[in-house]
Amino acid sequence: MFKIHVDTNYPVIYFNKKLKNDISKVLKSIKTLKLSNSSGNDMINTEITGRNVDFNVELGNDSIYIWNEFDAESGIVYSENHGTKLTSNLKKCIDYYFQTIESNSRYLESEEVYQELDVVLADYPLIPSWLTQIYHTSFKNLS
Numbered sequence: 012m013f014k015i016h017v018d019t020n021y022p023v024i025y026f027n028k029k030l031k032n033d034i035s036k037v038l039k040s041i042k043t044l045k046l047s048n049s050s051g052n053d054m055i056n057t058e059i060t061g062r063n064v065d066f067n068v069e070l071g072n073d074s075i076y077i078w079n080e081f082d083a084e085s086g087i088v089y090s091e092n093h094g095t096k097l098t099s100n101l102k103k104c105i106d107y108y109f110q111t112i113e114s115n116s117r118y119l120e121s122e123e124v125y126q127e128l129d130v131v132l133a134d135y136p137l138i139p140s141w142l143t144q145i146y147h148t149s150f151k152n153l154s
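Each residue of the sequence shown is one higher than the last, beginning at 12 in the working numbering.
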C-alpha cells in the first residue's frame, strides 16, 4: 500500500495501523479540493470533486510528505468577483489547480486543503514537532 512516489527518491516511512486509519479517515472525508488564486482584481477559484483512492507517505530531509491519491470526477474554475465559469473541463481544472499551487506556495495544499492532517499527526508521539508535514494531491486521472 505504501510506496515511493514516482517524483521523488525519498525513503518510505511506515506508520502503525491506527495512524494509517486516522489519516485515511481524514482523506476520505475530503470530497472537494478547493484553492483560490488572485488574478488582478479578481479571485479565481478552482474546485475539484472526487474521492480519495489511497495515499503514500515519504520521509524527506526534516519533512514528512503525504500524497493523497485522488480520483477526480468533476471540476470547475470560476471567477468569484464576476460569477463567471471559466471551465468545467476536468483536465483544465486540474491544470488550474496545479498552477494555483505553483503561483503561491508549495505549502498551499497543506494550509488550505489538508489542515486536519496536522491534528492527526500531532497526536502521534513518534513524530517530532520540528518535522515539517507537507501534503500534496496526486490525481489518478493523470496516469
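No residue lacks a Cβ here, since even glycine has one placed at the ideal position from N, Cα and C. Note that the structure is predicted; figures quoted are calculated from it, not measured.
Local Cβ density within 10 Å of residue i, reported as buried at 16 or more and exposed below that
i, result
"residue 52", "exposed"
"residue 63", "buried"
"residue 111", "buried"
"residue 134", "exposed"
"residue 142", "exposed"
"residue 25", "exposed"
"residue 33", "buried"
"residue 137", "exposed"
"residue 140", "exposed"
"residue 29", "exposed"
"residue 117", "exposed"
"residue 12", "Model confidence at residue 12 stands at a pLDDT of 37, short of 50, so the residue's coordinates are unreliable and nothing is read from them."
"residue 38", "buried"
Whole-angstrom C-beta distance between residue j and residue i, which should lie under 8 Å
i, j, result
"residue 148", "residue 79", "5 Å"
"residue 120", "residue 146", "5 Å"
"residue 108", "residue 44", "7 Å"
"residue 81", "residue 36", "The pair is not a contact, with the Cβ atoms about 15 Å apart (cut-off 8 Å)."
Candidates the options, of which the one nearest residue i by Cα
i, options, result
"residue 113", "26, 46, 31", "46"
"residue 41", "140, 124, 144", "124"
"residue 115", "85, 50, 98, 144", "50"
"residue 54", "144, 97, 106", "97"
Tell me whether the region 62-77 and the region 87-103 touch, counting them as touching only if at least three CB pairs, one residue from each stretch, are closer than 8 Å. Here the region 62-77 does not lie against the region 87-103, with fewer than 3 beta-carbon pairs under 8 Å apart.
State whether the region 55-65 contacts the region 125-134, with contact taken as three or more CB pairs (one from each stretch) at a distance under 8 Å. The region 55-65 vs the region 125-134: no contact.
Segment contact, 8 Å Cβ cut-off, at least three pairs: the region 97-113 with the region 62-71: No: the two stretches stay apart, fewer than three of their Cβ pairs being nearer than 8 Å.
Curious, which full-length beta strand (DSSP E) runs of at least 3 residues does the region 50-74 contain? With a minimum length of 3 residues, the continuous beta strand (DSSP E) runs that stay inside the region 50-74 are 53-71.
Give, in chain order, every unbroken run of the beta strand (DSSP E) that is at least 3 residues long and sits entirely within the region 94-128. Under the rule that a run must span 3 or more residues, the beta strand (DSSP E) segments found entirely inside the region 94-128 read 96-98.
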